[in-house]
Amino acid sequence: MKLTISTKSALHGSLMLLPAAVLLATFTHIPSVMTFFHSLFSTPTGRHAAEFVGFENYMFLLEDDVFHQAFVNNLAFALGTIPTSIGLSIAMALWVNGKIRGRVLIRFSYFLPTMVPMIAAANIWMFFYTPSYGLLDQFLGLFGYAQNNWLGDPDTVLPCLMVLTVWKEAGFFMIFYLAALQGLPTEIYEAAKLEGVGRWYYFRRVTFPLLMPTTLFVMINALINSFKMVDMLFVMTDGGPDNASNLLLYYIYETAFSFWDTAYAATLTVVLFLILAVAAIVQFFYFDKRIHYR
Amino acid sequence: MKTLEKKGIWSNVDTIGSWTLAFFWLLPLLYAFWSAFHPMEYTVRFSLFAPLTLENFSVAWSRAPFPRYFLNTILLVTSILSVQLVVSTLAAYAFARLKFWGRDVLFVLVLVQLMVMPEILIVENYVTMGRLGLLDTITGMGLPYYASAFAIFLLRQTFKTVPKDLEDAARVAGASQLQILLKIYVPLARPTYVAFGLVSISYHWNNFLWPLVVTNSVETRPLTVGLSIFGAIETGIDWPIITAGTLMTIFPLFIAFIIFQRQFIQSFMHAGLK
Numbered sequence: 006m007k008l009t010i011s012t013k014s015a016l017h018g019s020l021m022l023l024p025a026a027v028l029l030a031t032f033t034h035i036p037s038v039m040t041f042f043h044s045l046f047s048t049p050t051g052r053h054a055a056e057f058v059g060f061e062n063y064m065f066l067l068e069d070d071v072f073h074q075a076f077v078n079n080l081a082f083a084l085g086t087i088p089t090s091i092g093l094s095i096a097m098a099l100w101v102n103g104k105i106r107g108r109v110l111i112r113f114s115y116f117l118p119t120m121v122p123m124i125a126a127a128n129i130w131m132f133f134y135t136p137s138y139g140l141l142d143q144f145l146g147l148f149g150y151a152q153n154n155w156l157g158d159p160d161t162v163l164p165c166l167m168v169l170t171v172w173k174e175a176g177f178f179m180i181f182y183l184a185a186l187q188g189l190p191t192e193i194y195e196a197a198k199l200e201g202v203g204r205w206y207y208f209r210r211v212t213f214p215l216l217m218p219t220t221l222f223v224m225i226n227a228l229i230n231s232f233k234m235v236d237m238l239f240v241m242t243d244g245g246p247d248n249a250s251n252l253l254l255y256y257i258y259e260t261a262f263s264f265w266d267t268a269y270a271a272t273l274t275v276v277l278f279l280i281l282a283v284a285a286i287v288q289f290f291y292f293d294k295r296i297h298y299r
Numbered sequence: 015m016k017t018l019e020k021k022g023i024w025s026n027v028d029t030i031g032s033w034t035l036a037f038f039w040l041l042p043l044l045y046a047f048w049s050a051f052h053p054m055e056y057t058v059r060f061s062l063f064a065p066l067t068l069e070n071f072s073v074a075w076s077r078a079p080f081p082r083y084f085l086n087t088i089l090l091v092t093s094i095l096s097v098q099l100v101v102s103t104l105a106a107y108a109f110a111r112l113k114f115w116g117r118d119v120l121f122v123l124v125l126v127q128l129m130v131m132p133e134i135l136i137v138e139n140y141v142t143m144g145r146l147g148l149l150d151t152i153t154g155m156g157l158p159y160y161a162s163a164f165a166i167f168l169l170r171q172t173f174k175t176v177p178k179d180l181e182d183a184a185r186v187a188g189a190s191q192l193q194i195l196l197k198i199y200v201p202l203a204r205p206t207y208v209a210f211g212l213v214s215i216s217y218h219w220n221n222f223l224w225p226l227v228v229t230n231s232v233e234t235r236p237l238t239v240g241l242s243i244f245g246a247i248e249t250g251i252d253w254p255i256i257t258a259g260t261l262m263t264i265f266p267l268f269i270a271f272i273i274f275q276r277q278f279i280q281s282f283m284h285a286g287l288k
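Which chain is which? The protein sequence lines are A and B, in order. Using our numbering, the letters of the first sequence correspond one by one to residues 6 to 299. Using our numbering, the letters of the second sequence correspond one by one to residues 15 to 288.
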């Protein structure tokens, strides 16, 4: 009897998993392995079939200036957007969670950019950054500042994209903090109120530490996003000028679909894997801890 | 003065701070509205008496096959969501309630997709779609997303909270496995379905990179890809027309968000917390 139940269970289980397993294997697992496999070969051309080259693509990668630039840009992009987005999203969540006039409208404004496709946001922000005619230059012109080619200058292009990204992401992260704030125990707050504790002190010593798990979660998501978020480059800069705004995933796209160097694109993808794997491992251990807490 | 009880000055600081930030956050879209609804001359001239016009929208509508793009996006989003719901409901139930050899290892393999998202595998998946003859099709655009680790994870967590007694009682009453799933688990997981549905719809309505790679004709291109071509500087289209086109593409989601704001925010919260 017991045996039949467990055999039946196994049969049902495998039938129910089959669609998901086939789809995931075809579009996640096999391509991942194939990516690594292809990174060890040369790109096939009309005359030559792909041949095994060992780690040659990786040696090339180490000396590839564009890769270096894209990698450094990506790090700068992560450093420039993540702390700012997190700081703003905590402020947003505290405000929206409190008793503020027009709360619903404020929450709506904060969250709205999340609902806008990056391509649409890039189209709109494009105009802010347009030299002389654009809003930013018009505004600065009122104070007598000279005109700038914001997206055409290697020094300003990345910060301009960071501002757009923070605008797009902060409201999304606010949601996680909002959820966390609503789960905080009210007793501490009541006790602190009786003690006459200061606001800043309370935030620094109570709220912020209690929000730490959320911050970690948001940080890792933001990190993954900063390597995934390249849509705006297609509209605004194409990675330019002179690769000043090139990011890893965009470079992979260019290598594969503009230069048709699929083997090198596979090599770059493996690097991206490694970066995301580190993020995922951290996240895995964090989740593990969270489950024990429950 | 600086105590937790918000009085006088602090409450004002909060109000002013939050409103200022909200204003800056709305500004880009407010500005897009301004420019889309006014004639070209008023794009950077702000005047209360600027005449309103729908001209930009009608020009935008005629310059690109927007109706087709809308149709493609709607087909894409609905096909992805419906397949996702079926595939992940089955898998989530198996992971939550059935016992079989290798279950936990398989579950970890599913979770791999949370890290290796289809966006990252564009090169290999493009080759696969070529072999399957699915390049430039709606199916090809949706396929890598049909199985969603996120959905399986969310539903598994929810199914695990369903009391086992309910299932046993139904089984004693002679219900089949599939009936139990459809009559007990699915209805009880409704909030999770709504939450995942909204997240999935907004994700795929806005998704760009993979659709860009896999499509190359008007018949399949979704709104985001169409919009990126429409807004390209080389096309020489005037600014107000670009903003009008841009606003058109976000209107449906935008209106849905205004009406169901609470539901949307709660869904994102629900999905994020699990």
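We treat Cβ as the ideally placed atom computed from N, Cα and C, and that holds for glycine. All figures in this text were calculated on a predicted structure; none of them were measured in a lab.
About 7 Å separates the beta carbons of L117 (chain A) and G176 (chain A), which is inside the 8 Å limit, making them a contact pair. CA-to-CA, the gap between V176 (chain B) and L202 (chain B) works out to about 7 Å. As the crow flies, the alpha-carbon of T242 (chain A) is around 50 Å from that of V202 (chain A). When DSSP states are grouped into helix, strand and coil, F177 (chain A) belongs to the helix group. Residues of chain B with a Cβ closer than 7 Å to the Cβ of D236 (chain A) are, in chain order, F222, L223. Residues of the segment 103 to 119 of chain A with a C-beta atom less than 9 Å from some C-beta of chain B are G103, K104, I105, R106, G107, R108, V109, L110, I111, R112, F113, S114, Y115, F116, L117, P118, T119, listed in chain order. Between L273 (chain A) and L66 (chain A), the alpha-carbon positions lie close to 8 Å from each other. In this structure, S242 (chain B) sits near F239 (chain A), with a CB-CB distance shorter than 8 Å.
Between the alpha carbons of Q187 (chain A) and A83 (chain A) lies a gap of roughly 28 Å. Taking a cut-off of 8 Å for Cβ pairs, the segment 106 to 116 of chain A and the segment 162 to 180 of chain A touch, as three or more such pairs fall below it. Here the alpha carbon of T161 (chain A) sits roughly 29 Å from the alpha carbon of T220 (chain A).
Membership of I105 (chain A) in any alpha helix (DSSP H) is not indicated, and neither H nor E is assigned to it by DSSP.
In the structure shown, the three-state DSSP call for F82 (chain A) is helix. Under the three-state reduction of DSSP, F57 (chain A) is assigned to strand. The segment 123 to 135 of chain B makes no contact with the segment 196 to 211 of chain B, as fewer than three CB pairs between them are under 8 Å. Contact between F37 (chain B) and M120 (chain A) does not hold, since their C-beta atoms are separated by about 18 Å, which reaches or exceeds 8 Å.
Against S231 (chain B), chain A offers no close residue; the least beta-carbon distance is about 16 Å (beta-carbon pairs closer than 9 Å). Within chain B, no residue has its CB atom less than 8 Å from the CB of W155 (chain A), the nearest being about 14 Å off. The three-state reading of DSSP puts F46 (chain A) in strand, counting E and B together. In the structure shown, G203 (chain A) falls within a strand segment according to DSSP collapsed to helix, strand and coil. For the pair S102 (chain B) and L192 (chain B), the CB atoms are not nearer than the 8 Å cut-off.
Just measuring C-alpha positions, the residue of A:Q74, A:T212, A:I280, A:M167 sitting nearest L99 (chain A) is A:T212. At least one beta carbon of chain B lies nearer than 8 Å to the beta carbon of H17 (chain A).
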